[in-house]
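Asker:
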Amino acid sequence: MDRQTIGLNQEQVLETRELLKAAFLLARALEIRTLVLQQNELIDLQLVGDLRSNERIIWASRDGREWPSFDPSKDILLRVPHAALNRIGQINIALFLAALNGLVGPEERVLALSGVAGSRRLDTLIISKPERDYPWLQHQKTGKAVSGHLARLLEIAFHLAHEGREGAPIGTIFVLGELERLSPYLRQLILNPLEGHAAADRSIHNPGISRDAPRIGCDGWRLRSQPYRYRRIGGHVH
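If you want our numbering, it's the 1-based position in the sequence shown plus 5.
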């Protein structure tokens, strides 16, 4: 018995190991080169190292922490939001974010393994092709420059949905579009806290403002080729 699995249900440990073995065999039979694994539910990371040959692995992780055997040449760490999602939901958000960030091609087949959040076991296998399974991507012609920003917006939204404000649920609308076209539908309820702040400080990739702004309420985003930033908060859409 491995030290990593002491105290765990050994039947579930065996199920996860056998599923992993079958997944790698299936991936090779179907010539699938990329696997998406839910890192937080996988205890025996060494087993993956023993099973893989030249497969590329995207690790969907809620904490985003690397581990000693992490190899940047073969491993990709994909930060996924904390959210109350079922098995399929967790796979969907991981695959969708991977596609949006350009980690998998729209026509690339991917094998993904998932499990119930917090269960420390994998029990679900899905084979996916992003463009086939996510229709929105069929109309996405702007490439990674836009996709990465939308992925960031999804991360912020899921984080806000998980945390709320002061322990209570909070509703926020994220409006994607040109502020000039949206202005007739926006009503400012308080003085805009972003007025006067530099454009770089209002970037959606700025951890500080992306943490604090949605908690006030966001009613407008400016979405052009670049940069992607908050424009107005503290209002409502009508």
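Idealized CB from N, CA, C, for every residue including glycine.
Quick one: give me the first and last residue of the alpha helix (DSSP H) that residue 196 is part of.
Answerer: Working through the sequence shown from its first residue, we reach residue 196 at position 191. Per DSSP, residue 196 belongs to no alpha helix (DSSP H) and is neither H nor E.
Asker: Check whether the Cβ atoms of residue 57 and residue 29 sit closer than 8 Å, and answer yes or no.
Answerer: Mapped onto the sequence shown, residue 57 falls at position 52. Mapped onto the sequence shown, residue 29 falls at position 24. Contact flag set, yes.
Asker: Would residue 96 be called buried (16 or more neighbouring beta carbons within 10 Å of its own) or exposed?
Answerer: Taking the first residue of the sequence shown as 1, we reach residue 96 at position 91. With 16 or more Cβ atoms within 10 Å of its Cβ, residue 96 is classed as buried.
Asker: In this structure, how does DSSP classify residue 121 when only helix, strand and coil are distinguished?
Answerer: On the sequence shown, position 116 is the one that residue 121 refers to. In the structure shown, residue 121 sits in coil (DSSP, three-state: anything other than H, G, I, E or B).
Asker: Can you list, in chain order, the residues of its chain with a C-beta nearer than 6 Å to that of residue 164? Leave out the 5 residues immediately preceding and following it.
Answerer: Stepping through the sequence shown from its first residue, residue 164 is reached at position 159. 86, listed in sequence order.
Asker: Have a look at residue 135 and residue 36 and give me their C-alpha separation to the nearest angstrom.
Answerer: In the sequence shown, the residue the question calls residue 135 occupies position 130. In the sequence shown, the residue the question calls residue 36 occupies position 31. So the two alpha carbons sit approximately 16 Å from each other.
Asker: For residue 188, which residues from the same chain have a beta carbon less than 6 Å from its beta carbon, with the 5 sequence-adjacent residues on both sides left out?
Answerer: Your numbering for residue 188 matches position 183 in the sequence shown. For residue 188, where only same-chain residues beyond five positions count, there are no Cβ hits under 6 Å.
Asker: Just to confirm the assignment, what range does the alpha helix (DSSP H) spanning residue 55 have?
Answerer: Within the sequence shown, the letter at position 50 stands for residue 55. Here the alpha helix (DSSP H) through residue 55 covers 50 to 56.
Asker: Among all the DSSP beta bridges, which residues are the ones paired with residue 43?
Answerer: Translated into positions along the sequence shown, residue 43 becomes position 38. DSSP output for residue 43 lists 65 as bridge partner(s).
Asker: I'd like the list of long-range same chain contacts for residue 112, defined as Cβ closer than 7 Å, with 5 residues on each side in sequence excluded.
Answerer: The sequence position of residue 112 within the sequence shown is 107, counting from 1. Only 134, 136 meet the Cβ criterion.
Asker: For residue 45, which of 204, 68, 201 has the nearest alpha-carbon?
Answerer: Here residue 45 refers to the residue found at position 40 of the sequence shown. It is 68.
Asker: Measuring CA to CA, which of 240, 214, 207 is closest to residue 233?
Answerer: For this step, residue 233 is matched to residue 228 along the sequence shown. Nearest C-alpha to residue 233: 207.
Asker: Give the single residue among 139, 117, 214, 141 whose Cα lies nearest to the Cα of residue 130.
Answerer: Along the sequence shown, one-based indexing puts residue 130 at 125. Residue 130 has its Cα closest to that of 117, out of 139, 117, 214, 141.
Asker: How about residue 42 and residue 64: are their beta carbons less than 8 Å apart?
Answerer: As a first step, residue 42 is located in the sequence shown; it is residue number 37 there, counting from the start. As a first step, residue 64 is located in the sequence shown; it is residue number 59 there, counting from the start. Against a cut-off of 8 Å, the Cβ pair of residue 64 and residue 42 comes out as a contact.
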